[in-house]
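In our numbering, the protein residues as written are 7 to 354.
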């Protein structure tokens, strides 16, 4: 289906390709893409003066499949009062098995379309820690803490669509610019665990000098909290490829100041639901891929991919026992993780 759409766009008019691409992202309200893409196209044409639009190569397709792990990750959920932290939940990602797929179409000598993604193949045991700072006299004092070693990462996945234009082209070294769009999703459930809570008065307010004075355990297997995150980000980036005999070294860096973040929190035992919808934060990504061409057109590779979504803030909407509205507090969302994989790539 993707190929059919691209054929239609190319066939409609040569000039309209750039406009169609910008229109695809129009719902993101990022007019800056027009300048980015125009610059990318200009640089690419200058780097390939002998390449014309008539050099159409629809058969130049490559695909890869790999398996690996999602690791080193921590998703953070925050409640802020002004600039002070009131609550923080740290959701981890550890050794979750994943599969990855990548499809690339070099439909012009200087321009390619790439579609890639990964997903976890099963749920994975991990950890969540919940911290509260309720002492108005000492904002650094952790008054409440609970630890949940039987937390489950239900699922996580990501897809990435981008256009990659050649800027510099030599037999052993190629440099390209990218513009693209990426989405990442994560879901957890926390159950059981231990707690170290402070004492509260009849109105639920913190009693001074009672930090973590009440200790106990939650019922094993009892579901406490469910949490989800979703990140949507248009980005630009720079890629490089170095070739030496049968070896390849590929690198990629990505950045965006336009990342959007959403989350959903469900405290089952308290009949409390909250959500945040942050419109803008920073995103950073990097990939290193090392491969060896075992036969012409077929490469074995290993790949390291790192992503970080910086803290995004938004006003918190909540539902407490059926009473809905904005809480007046500010919610915070962040996430960082990496994947490590090995696989095979074939160019048709």
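C-beta atoms are modelled at their ideal positions from N, C-alpha and C, and glycine is treated no differently.
Under the three-state DSSP convention, the category residue 83 falls into: Shown here, residue 83 sits in a strand according to DSSP, grouped into three states.
8 angstroms Cβ cutoff met for residue 251 and residue 191: Against a cut-off of 8 angstroms, the Cβ pair of residue 191 and residue 251 comes out as no contact.
Alpha-carbon spacing of residue 221 relative to residue 87, whole angstroms: Near 26 angstroms, if we compare the C-alpha coordinates of residue 87 and residue 221.
Of the residues 276, 339 and 351, the one placed nearest residue 327, counting alpha carbons only: It is 276 whose Cα lies nearest to the Cα of residue 327.
Residue 223 (DSSP reduced to helix, strand or coil): The answer is strand: DSSP assigns residue 223 an E or B state.
For residue 202, the nearest candidate out of 80, 218, 238 and 286 (CA to CA): Per the Cα distances, 218.
Rounded separation between residue 354 and residue 254 - CA only: The alpha-carbon separation between residue 354 and residue 254 amounts to approximately 18 angstroms.
Which residues DSSP lists as bridging residue 284, in chain order: Answer by DSSP bridge pairing, in chain order: 267.
Assigned secondary structure, residue 275 (DSSP; H/G/I helix, E/B strand, else coil): DSSP places residue 275 within a helical segment (H, G or I) once states are collapsed to three.
Test item: CB-CB of residue 67 and residue 111 under 8 angstroms: When the beta-carbon positions are compared, residue 67 and residue 111 come within less than 8 angstroms of each other.
Beta-ladder partner(s) of residue 108, from DSSP: Partner(s): 70 and 122.
Residue from 349, 342 and 160 whose Cα sits closest to the Cα of residue 362: The chain is shown only over 7 to 354; residue 362 falls outside these bounds and no answer can be derived.
Meets three-Cβ-pair contact criterion under 8 angstroms: the region 259 to 268 and the region 221 to 231: With a cut-off of 8 angstroms on Cβ pairs, the region 259 to 268 is not in contact with the region 221 to 231, counting fewer than three such pairs.
Paired residues, beta bridge with residue 196 - DSSP: Beta-bridge pairing links residue 196 to 231.
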